[in-house]
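Sequence order for the protein chains is A, B, C and D. Numbering-wise (our numbering), the first sequence opens with residue 50 and increments by one. Numbering-wise (our numbering), the second sequence opens with residue 35 and increments by one. Numbering-wise (our numbering), the third sequence opens with residue 1419 and increments by one. Numbering-wise (our numbering), the fourth sequence opens with residue 255 and increments by one. Beta carbons: idealized from backbone N, C-alpha and C, even for Gly. Note that the coordinates shown come from a computational prediction; the quantities given were computed from them, not determined experimentally.
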Amino acid sequence: MGIINFAPKILDPIPGGKYVVNAIDYVVNWARANSIWPLTYGTSCCAIEMMSSSMARYDIARFGSEVFRSSPRQADLFILAGTITRRMAPAIQMLWEQIPGPKYVIAMGACTISGGPFIYDNYSVVRGAQNLIPVDVFVPGCPPRPEALFHGLLTLRDKILKETCRNPWHEGEPRDVSTMDRYREAANTWAALERMKDEEMAEARAKFKEENPDYKSSFKPVRIKKEEFPEVERIPCKRFGLTQAELFNKLRAKFPNVTVHTHSEDPIEDVVAQMPADRPLEVMVTPEDYLPIVEFVKNDAEFKMDYLIEVTAIDYDDHFDMVTQLRSMDHGHKIFLCLQLKKDFSIEEDKRATSILATAPSISHLYPAAEFKEREVYDMFGIGFDGHPDLRRIFLDKDFVGFPLRKDFTHPEMIRRPV
Amino acid sequence: MSQLPPGFRITRETNTEEFFINMGPQHPSTHGALRLALRMEGETIIELVPHFGYIHRGIEKQAESMSYLQYIALSDRQDYLTAIQNNLGVVIALEKGMNIGVPEKQEYIRVMLQELGRIASHLVFFGCFGGDLGGQTCLLFGFKEREMIHDILEEVTGSRLTTNYFRPGGSRFDVPDTFIPRVKAFVDHLEGAMSDYERFLSKNIIVLDRSVGIGILSKEDAIAYGCSGPVLRASGVNFDVRRANPYSIYDQMDFEVPVAYNGDCYDRYKVRIAEIHESMKILRQCIDKFPKEGAWRAKEKPVRLPVGRYYSEIETAKGLYATYVVAATTGEKPYRIHTRGPSFPHIAALNKMVQGHKISDLVTILATLDPVIPEIDR
Amino acid sequence: MFVPSITNPVGDFVRELVPQLAAFLPASLQSDTLNSIVAFLVNALICVIAVCIVNIGSAPILIYMERKVCAHVQCRLGPMRLGWHGTIQTIADVLKMLFKEVYAPSGADKLMFYLAPLIVLIAPFIVCALIPFGRNLVVADVSMGIPLIIAVNGFGVLGILLGGWSSNNKYSLLGALRSGAQMISYEISFAMILLFVVMISGSTNLMSITLGQEGTIFDWWIFKVPVLGIIAFILFFISSTAEMNRAPFDIAEAEQELTGGYHTEYNGTPFAMFYLAEYIALVTNSSLAVTCFLGGFYAPCIGISFIDQYLNMVPGVIWFFAKVFFMIWCYMMVRWTFVRPRVDQLMDFEWKFLLPVNLVLLVAGAAFIAISG
Amino acid sequence: MCGLSVTLKYFFNPKRIVTEQYPENRKTLKMHERYRGRLQMIEDAEGNNHCTACGMCERACPNASINVLPTKNIAGKKVLGRYVYHYASCTQCGLCVEACPFGAIRMAQDFEVATTDVNTLEMILNKKEGQG
């Protein structure tokens, strides 16, 4: 950078100076193109392929690029390996700014080129790294093979060799392609073309119909023959610990309000007894009963549910189902407590999407594991937790508006799935 | 300190100056985009607060508008180190819903690919553990054998990482004829290679110094925090879904669940290495018993689930991977799919483990927890 | 007075040539004093150039060697595509780094920030000037060689501390502090072992230490003093590895923990200087090991005159560099084999193990000399 | 110390090197039969394809990377007009190939696909209009 870009200005007027400039160009470009040090950066699947490419089998060292620098100040190349989320975007821009020029960017994988698998119905993924930083080379694939990455590296090398100090490297500009919906774009353009074609062809078609009234296409699409396979009976998995019926009856003896969710008319006991062996017992509990039940099943010697698998929720029109999945390490049985939380519709309609609609008691003092899980439920559904020590958003920014896993969630950046 | 940043809770009197360090989201040893806020006194960590969400991709939201088959493809991208195991986790839940079984040959294929995936993941762990301790060579050794697994997976499924292979009732393809000989050759090769690698790392005095007694997670804490997989087993709990709740044909396999009792970094390392050996044992049994004849998948049916909630759990290399499918209407789209990734509780327990240790130990502990961040954030 | 004494043909040639050239000058300018000053300056210039060539020239070779060694340890090939088996890869790296943008981070102390890499470079250059590369090839044959090396080596830590502190980065600061603590601690055992060498050889002059090892390999200090010599050599190996901040004792850089330690914020040429200093330190430390333990520029004669005859035909300077590269190879193999200890374990190792052993070694050495006379 | 024996063993044994030299081994490098590269339309020598523009692949695609744009031929019958493939967002999951009832598409074996221009990743796969 810097000094050599003045070389043409100073040397060109001198006779023969042109050749000196060309020679400088050649040497500098040769050095730059052959010594590309990447930055250690990776967020997801592509990072593993990037690592594979630097490992013994593929060995990026052959290109002189095995010097993965963890500090951006010593790197030349930014391999964007893995999905870029909106939360990560500022960090990526900062990293790019910290790389001293001339710096190059390879967008590796579908996620960084266009959003990849996360284009539609997504509120958190940046659709393409071009939105954030200028990208030099695109390597499609999900994830690309190490060879594909090498091909990208060679493409970049060719690109660097084209630079001269008369036409030096300069910082590019990011381009806004965030709202690009290639599917709809292509479909709309085509629809317009089709209308035009219909108009043009109308006559010809009518004529053709007159001439060949009983036209039959000679093209017969051949369906691929699919292999025939036998029906196989499902063998349910083994069950350990108490049966569902035993669990349910014991729980019911203590808490008469518990039920199971069913559409049939049979008595609840029969429904429970007919459950397949490998389906966990899922009982509906009322909010008042929830905390006592959790305490009971944790401490009771017969239940001994000491292991929390997961706390999650499901959003329905007028209520949330919060499911607490518990397991007994000693006995091996599982029980799912489904807590129905009615949505608080006293909140004005236009504020509902951004406010907490229901509150449940926190069980984080019984299960430390629940602390983070409940934060996740709070973050995704907007269910508050009484007695939670640290109720903050966990996956999204603290100023994110709305709760994404609700069915009525909207986000300005979200594009609906077209198909 | 008058006002602590969010998440920090310990109040303490101190005469020395505390300071805060941000580790990540782009840091060579956080295994992805994880940010750890450290409260330090000199080099000693007082408290740690993990910040997630730097790779939160909204997979669960997206799944609601996808068909079940498309979700299998998406599940590859959660725990990308063993995508093949995620596939199975989803597929078992779907099979429960569709109430279809799996022919015997397919069960063998499943078990073999599961174990190959487990070995692949543990080899990455082996590499990263050595690499994070400062031995770069280890990293390459781990990946060297992993490439052979990738090769087998590519031949069988068509892709190195994102396999998208299993389908309800079977799989995308039958295995090629070369599959069994290749796996056999691989297991034989790995036997020799592992003995070299164990000689390389297991008895090294610096490794022992760095990992024995570091990051102890007691049995009670491990259960309370919901840890699973090798982390739980290293704390002395004999819990493996393959034994505790067998799926596929794991109940016919003869293998041991390695358990260690100290709960420190070295035990977690030891358990994983022992698991590689157990996986090789299972692979050898499968090679011997592999049925030559027979259908490799059940009758193909459209993937439609009746109304209900379906739950499946499998043991991936990291631990308990549970899929919870809610079908509110009979159809090919889920109402909601929730995944329980094993790494999430491990990071939740991280704060408990690192307190009072040095910043170098944090790297060791994080390496032995072997988290995959996209699986946490989803 | 400190006089650079080139007692080799080049120095003599210059000293003869200068008066002859002076004869062409006007008589009023001719004087013996002036001649000797000019000859001195020309000799000094030759020395400086020689040191620079040895140091700076060896760095790319070493980097290439390191990349190849580590590649082959890790079952891969290393640089392959630039030149024959990637031989000119490091030249491209150096050129590229020279043409990179250079800037200091905001909030950095600019003067200190740019001064630090220069300071780091000074120490290995001075040490290099004291090493006898061959019978007549020594830049400064100082009588107090070993104490000077110990003094100068302590200089390097200053640059690292300055660099880490002036970067305005917590990782850099942590790295610099670690490095400061480590280098100062290991300085002690490093000095102790050199003292052991001084004690058994009876001289602080590096040339006479080398000359004391003439004969077969059993006359080298490593073997001449039974057992103790080998122990001293291993201790020297360990403490010099730590002294150079090389893996496995590279806790100051600790890529996995501190992303790069004290040079996290450096880029372009200043970073290249840190990189260079690391490899020059490798050369000088290996040379020191060769001089003090492995018989300097003497051929590894084994006492059988038939073989020794051929071994002695090879010039001493080649033997010297062969031994140096063997030492460097050892350093590299160790680097790519072992994992990194924790910072407090490293300190424990120094103060609770290395230093006591060194003291015992000194006493044992004294006893050995007293017994054997 | 045992570790050193392992590294020494590997250092002095060039047979253990497993590196594949990619740009040099282009001729011998062959992907597995099932390898999923980019999507490709199966065409005969004249460029005719089997596609009937049914749109099964479009519906099977997890992220709408395929546009099957039908047109009417001269007889007024719906045939394939243009098969647009967004390689930029394709995840190469292979669900489209699985869904195609006529075997009109397949996954190609090529992987040397890096480009400096993102617009070249928009591909039209069919050379000719569909038959019918």
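From the DSSP output, in three-state form, read off Tyr1697 (chain C) for me. Stepping through the third sequence from its first residue, residue 1697 (chain C) is reached at position 279. Reduced to three states, the DSSP call for Tyr1697 (chain C) is helix.
The alpha helix (DSSP H) spanning Ala299 (chain D) covers which residue range? Taking the first residue of the fourth sequence as 1, we reach residue 299 (chain D) at position 45. Neither: Ala299 (chain D) is in no alpha helix (DSSP H) and is coded neither H nor E.
Kindly indicate which three-state DSSP category Leu1495 (chain C) falls into: helix, strand or coil? The residue labelled residue 1495 (chain C) in the question sits at position 77 within the third sequence. Residue state, collapsed to three classes: coil.
Comparing the CB of Phe175 (chain B) with every heavy atom of the ligand FAD, is any distance shorter than 8 Å? The model depicted lacks the ligand FAD and carries no ligand whatsoever.
One or two residues paired with Leu70 (chain B) in a DSSP bridge: By one-based count along the second sequence, residue 70 (chain B) stands at place 36. Answer is B:Met57, B:Pro84.
Return the residue from the list B:Thr350, B:Ser346, B:Asp395 that minimises the CA-CA distance to Ile371 (chain B). Position 337 of the second sequence, counting from 1, holds the residue named residue 371 (chain B). The candidate whose alpha carbon is nearest that of Ile371 (chain B) is B:Ser346.
Count the CB pairs spanning the region 297-315 of chain A and the region 265-282 of chain A that are closer than 8 Å, and state whether there are at least three. no
Indicate whether at least one CB of chain E lies closer than 9 Å to the CB of Ile1669 (chain C). Protein chains in the displayed structure are A, B, C and D, and chain E is not among them.
Using the Cβ count rule (16 or more neighbours within 10 Å means buried), how would you classify Val1421 (chain C)? Against the third sequence, residue 1421 (chain C) aligns to sequence position 3. Annotation note: pLDDT 41 at Val1421 (chain C) (below 50); position unreliable, coordinate value reported separately. Counting Cβ neighbours within 10 Å, Val1421 (chain C) comes out exposed, since fewer than 16 surround it.
Verify the CB distance criterion: does Val260 (chain D) have a CB-CB separation below 9 Å to chain C? The count along the fourth sequence starts at 1 and reaches residue 260 (chain D) at position 6. Judged by the 9 Å Cβ criterion, Val260 (chain D) is in contact with chain C.
Bounding residues of the alpha helix (DSSP H) (the contiguous stretch that carries Asn416 (chain B)): Any property of residue 416 (chain B) remains undetermined from this structure, which presents chain B solely from 35 to 412.
Coil, strand or helix - Phe1743 (chain C) by DSSP: In the third sequence, the residue the question calls residue 1743 (chain C) occupies position 325. Correct three-state label for Phe1743 (chain C): helix.
Are the region 1724-1743 of chain C and the region 1559-1573 of chain C touching, with three or more C-beta to C-beta distances below 8 Å? no
Among A:Gly131, A:Gly433, A:Arg135, which residue has its Cα nearest to the Cα of Asp448 (chain A)? Position 399 of the first sequence holds residue 448 (chain A). Here the closest residue by C-alpha is A:Arg135.
For Gln104 (chain B), which residues does DSSP report across the bridge? For this step, residue 104 (chain B) is matched to residue 70 along the second sequence. Gln104 (chain B) pairs with nothing; no bridge assigned.
At what residues does the alpha helix (DSSP H) containing Gly1574 (chain C) begin and finish? Your numbering for residue 1574 (chain C) matches position 156 in the third sequence. Run containing Gly1574 (chain C): 1574-1584, per the alpha helix (DSSP H) assignment.
Give the single residue among A:Phe117, A:Tyr416, A:Met429 whose Cα lies nearest to the Cα of Leu406 (chain A). Residue mapping note: residue 406 (chain A) aligns to position 357 of the first sequence, counting from 1. It is A:Met429.
When you check each C-beta in the region 1486-1512 of chain C against every C-beta of chain B, which residues fall closer than 8 Å? Cys1488, Val1491, Gln1492, Cys1493, Arg1494
Taking 9 Å as the threshold (C-beta atoms), are Arg1494 (chain C) and Met157 (chain A) in contact? For this step, residue 157 (chain A) is matched to residue 108 along the first sequence. For this step, residue 1494 (chain C) is matched to residue 76 along the third sequence. Going by C-beta atoms, Met157 (chain A) is not nearer than 9 Å to Arg1494 (chain C).
Alpha carbon to alpha carbon, what distance is there between Ile410 (chain B) and Leu1533 (chain C)? As a first step, residue 1533 (chain C) must be located in the third sequence, where it is residue number 115. As a first step, residue 410 (chain B) must be located in the second sequence, where it is residue number 376. Rounded to the nearest angstrom, the two C-alpha atoms are 45 Å apart.
CA-CA distance, Ser1423 (chain C) and Phe1689 (chain C)? For the purposes of this step, residue 1423 (chain C) is taken as the residue at position 5 of the third sequence. For the purposes of this step, residue 1689 (chain C) is taken as the residue at position 271 of the third sequence. Reliability fails at Ser1423 (chain C), whose pLDDT of 47 lies under 50, so the model's placement of it is uncertain and no value is given.
Minimum C-alpha distance to Cys315 (chain D) - residue among A:Lys275, A:Met250, A:Val188, A:Phe167: In the fourth sequence, the residue the question calls residue 315 (chain D) occupies position 61. When each option's Cα is compared against that of Cys315 (chain D), the closest is A:Phe167.
Comparing the C-beta of Val372 (chain D) with each C-beta of chain C, is any distance below 9 Å? Sequence index remark: in the fourth sequence, residue 372 (chain D) carries index 118 (1-based). Judged by the 9 Å Cβ criterion, Val372 (chain D) is not in contact with chain C.
Can you tell me which residues form a DSSP beta bridge with Ser346 (chain B)? Position 312 of the second sequence holds residue 346 (chain B). Partner(s): B:Thr357.
Whose C-beta lies closer than 7 Å to the C-beta of Ile1669 (chain C) among residues of the same chain, with five residues either side of it excluded? Within the third sequence, residue 1669 (chain C) is the residue found at index 251, counting from 1. Cβ within range, chain order: Arg1596, Gln1600, Arg1758, Val1761, Leu1764.
For a contact meaning CB atoms closer than 7 Å, what does Leu330 (chain A) contact in chain B? Here residue 330 (chain A) refers to the residue found at position 281 when the first sequence is read from its first residue. The contacting residues do not exist; Leu330 (chain A) stays about 11 Å from chain B at best.
Can you list the residues of chain B that Arg233 (chain A) reaches, using a CB-CB cut of under 7 Å? Here the question's residue 233 (chain A) lines up with position 184 in the first sequence. Within chain B, no residue comes near Arg233 (chain A); the closest Cβ sits about 15 Å away, beyond 7 Å.
Using a 10 Å radius around the Cβ and a threshold of 16 neighbouring Cβ atoms, would you call Thr335 (chain A) buried or exposed? For the purposes of this step, residue 335 (chain A) is taken as residue 286 along the first sequence, with counting starting at 1. Label assigned to Thr335 (chain A): exposed.
Which chain B residues are close to Thr134 (chain A), counting only those with a beta carbon under 7 Å from its beta carbon? Here residue 134 (chain A) refers to the residue found at position 85 when the first sequence is read from its first residue. Within chain B, the residues near Thr134 (chain A) are Tyr88, Ile89, His90, Arg91.
Please state the DSSP three-state secondary structure of Gln1600 (chain C). Looking up residue 1600 (chain C) in the third sequence gives position 182. Three-state result, Gln1600 (chain C): helix.
Cys94 (chain A) vs Cys214 (chain A) beta-carbon contact at 9 Å: As a working note, residue 94 (chain A) is residue 45 in the first sequence. As a working note, residue 214 (chain A) is residue 165 in the first sequence. No; because the gap between Cβ atoms is not below 9 Å, this pair is not in contact.
Determine the direct distance from the alpha carbon of Phe187 (chain A) to that of Thr1682 (chain C), and round the result to whole angstroms. Within the third sequence, residue 1682 (chain C) is the residue found at index 264, counting from 1. Within the first sequence, residue 187 (chain A) is the residue found at index 138, counting from 1. Using only the alpha carbons, I get a separation of about 29 Å.
Under the three-state reduction of DSSP, which class applies to Lys333 (chain B): helix, strand or coil? Within the second sequence, the letter at position 299 stands for residue 333 (chain B). Reduced to three states, the DSSP call for Lys333 (chain B) is coil.
Can you tell me whether DSSP reads Ala156 (chain A) as helix, strand or coil? One-based indexing of the first sequence puts residue 156 (chain A) at position 107. Note: Ala156 (chain A) maps to strand in three-state DSSP.
Neighbour flag for His156 (chain B) against chain A, beta carbons, 9 Å: As a first step, residue 156 (chain B) must be located in the second sequence, where it is residue number 122. No, His156 (chain B) lies away from the interface with chain A (no Cβ there is under 9 Å from its Cβ).
Rounded to whole angstroms, what is the Cα-Cα separation between Gly1563 (chain C) and Ala1784 (chain C)? For the purposes of this step, residue 1563 (chain C) is identified with residue 145 of the third sequence, where counting begins at 1. For the purposes of this step, residue 1784 (chain C) is identified with residue 366 of the third sequence, where counting begins at 1. So the alpha carbons of these two residues sit roughly 21 Å apart.
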